[in-house]
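Residue numbers (the working numbering): 10 to 69. Below is one structure, written out as structure tokens; the observations come after it.
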């Protein structure tokens, strides 16, 4: 809740009731293990004819 409220304007913070099962909002989280970017076919930088995906890795 603190992470969500840190990005909201003053006076617009969420309460526990907002995220309760009967509340108007749903909070979700994701555990990203791999992610990719789409390289559109015909992109001259990658010399590809068809769409392709390029795996993105985190710098170490």
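Note that the Cβ used here is the ideal one computed from N, Cα and C, for glycine as well. Quantities reported herein were computed from a predicted structural model and do not represent experimental measurements.
C-beta contact flag for residue i and residue j at 8 angstroms
i          : j          : result
residue 23 : residue 13 : yes
residue 69 : residue 45 : no
Nearest neighbour of residue i, chosen from the options [CA to CA]
i          : options        : result
residue 47 : 15, 60, 10     : 60
residue 42 : 65, 53, 15, 25 : 65
residue 29 : 39, 10, 16     : 10
Other residues of its chain near residue i: CB distance less than 8 angstroms, five sequence neighbours each side excluded
i          : result
residue 57 : 48, 50, 51
residue 27 : 33, 34
Residue(s) in a DSSP beta bridge with residue i
i          : result
residue 45 : 64
Proximal residues to residue i (C-beta, below 6 angstroms), its chain only, five neighbours per side dropped
i          : result
residue 55 : 48
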